[in-house]
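Okay, so here's the structure we're looking at.
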Amino acid sequence: MFTRVLKSSPRLAILLLLMAVLVILTRISTKPVFTAVNVPETVSLRPIGAYRIDVTQADPSQVIANARVYESGLYLLAKGRDQHARSVLLRTDFTGRTSLTIPLPEAGATSFRVLPSGNLVLYQYQRLAGGTFREYNGQGIEIGSTAEQRPVRAFLFSGNHLVRFFPGFSWDRVMLPLSSAMEVSSAGTGVAVTPEVIVEAEQAQGRSGVWLIDRTTGRLSRLDVTSGVRTEFTVHSPDLDQSVAAYEALRKGAPKGSVPGAGHAVLSGAIDADDSLYLALSPYKIRDHAVILQVDRFGIVQRRLLCSLASEGDSAVRIDPTYIGIAAKHLYLVSYSGQIGVFSL
């Protein structure tokens, strides 16, 4: 047939020949393409230590409303269940011994941060009086304060700046110190900081910027507070998918008790010295384990940490984690009732 085509139409024959050669070369050079799928390592952890801090001495109804772990120790903000109850700020060492107690002057304490100097900055807000930033030295003595009329959802420090996040979709960066008039040096929008989405405990400042965590979906975004550039990530994890599904079932009115332990999909977050982000998921079973996801700076899950919530040899100590923190290669799970579990990373 080819000979007949060649005699009748040489150009068509040459074209057919070139097409055949192209098909052969394509089949030879084409190789299967595989998409890389990251399979995180699963690590089972048992607590190397567990203890309880009594936060009910001043008020039997007091619970831990916020917790932060630093190299210098564990800081706990405790307050009563009554909205008018005053709060107390505690600093303990990593054995549970309290080394500092600061009774706060008024109700409404919501968040705090510890500066590299060891000084502590705390934010309090009252609906009628407005907000106040207070600075304390390492001995718990107030050394400065400044009024803040707008409610602040969260705050952190970046160099010599204070970064404030407001309800809605705005934030700004102001010059320190607190004792002087704070001048706004930059501002931005587009960061969701509504109470249902982001809380102060889930904001971690690392070398790559500030992580913002959507507690209902687990979506991550990293904000550069200097340039205002925000990068979003989606965490691919069956564990997180299950947590989101449990949260959605609860939100849509699932019968009480049918989704045990479910709150937000992400309970809390922390960051380590290597800029890895750790996410504590809900729900969990106290008799089983809590799932902590270790995520790299690109939003990829590197490890699944299955943390046992009962200390070995002491069945009376059971951890009901609400907050997590990391210091010196150790993971701390903190319960609202003051129970703390320590895990080696």
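Using my numbering, you'd call the opening residue of the sequence shown number 18 and step up by one each time.
Every residue, glycine too, gets a C-beta built ideally from N, C-alpha and C.
query	result
Can you check DSSP and say which residues form a bridge with GLY342?	TYR349
Please state whether DSSP places ASP258 in a helix, a strand or coil.	helix
Would you check if the distance between the CB atom of LEU106 and the CB atom of ILE70 is smaller than 8 Å?	no
Taking 8 Å as the cut-off, decide whether the C-beta atoms of ILE65 and VAL359 are in contact.	yes
Just to confirm, are PHE250 and LEU237 a CB contact at a threshold of 8 Å?	yes
In whole angstroms, give me the CA-to-CA distance for ASP256 and VAL308.	8 Å
If you measure between the beta carbons of VAL72 and VAL80, is that distance less than 8 Å?	yes
Going straight from the alpha carbon of LEU132 to that of GLY270, what length do you get?	42 Å
Looking at the secondary structure, which residues open and close the beta strand (DSSP E) in which SER361 lies?	356-361
Let me know if ILE160 comes out buried or exposed under the rule of 16 or more other beta-carbons within 10 Å of its beta-carbon.	exposed
What did DSSP end up calling TYR264 once you bin it into helix, strand or coil?	helix
Could you give the C-beta distance for ASP289 and ILE343, rounded to a whole number, given that I count them as a contact under 8 Å?	5 Å
Alpha carbon to alpha carbon, how far is THR243 from SER299? Give it in angstroms, no decimals.	33 Å
Give a yes or no on whether the C-beta atoms belonging to LEU4 and THR234 are separated by under 8 Å.	The chain is shown from 18 up to 362; residue 4 falls before or after that span and cannot be answered.
Bridge partners of GLY286, per DSSP?	LEU296
Please report the straight-line C-alpha distance between PRO261 and ASP337, rounded to a whole angstrom.	Note that residue 261 corresponds to Val in the displayed sequence, not to Pro. Roughly 19 Å between the two C-alpha positions.
For GLN319 and TYR295, I'd like the C-alpha separation in whole angstroms.	10 Å
Our contact map puts HIS306 next to SER325 with C-beta atoms below 8 Å; I'd like the distance itself, whole angstroms only.	5 Å
So GLY403 and SER175 are in contact, right, with Cβ under 8 Å, and what is the actual spacing, rounded?	Nothing about residue 403 can be read from this structure; the chain reaches only from 18 to 362.
Give me the residue from GLU165, THR118 and TYR68 with the minimum Cα distance to VAL351.	TYR68
Under a Cβ-count criterion, where at least 16 other Cβ atoms within 10 Å of its own Cβ denotes burial, should ASP99 be classed as buried or exposed?	exposed
Whole angstroms are fine: how far does the CA of ALA164 sit from the CA of GLN156?	23 Å
For VAL246, count neighbouring C-beta atoms within 10 Å of its own C-beta (all shown protein chains included) and say buried if the count is 16 or more, exposed if not.	exposed
Looking only at C-alpha atoms, which of THR109, LYS96, LEU121 and ARG114 sits nearest to GLU152?	LEU121
Going straight from the alpha carbon of ALA82 to that of PRO57, what length do you get?	32 Å
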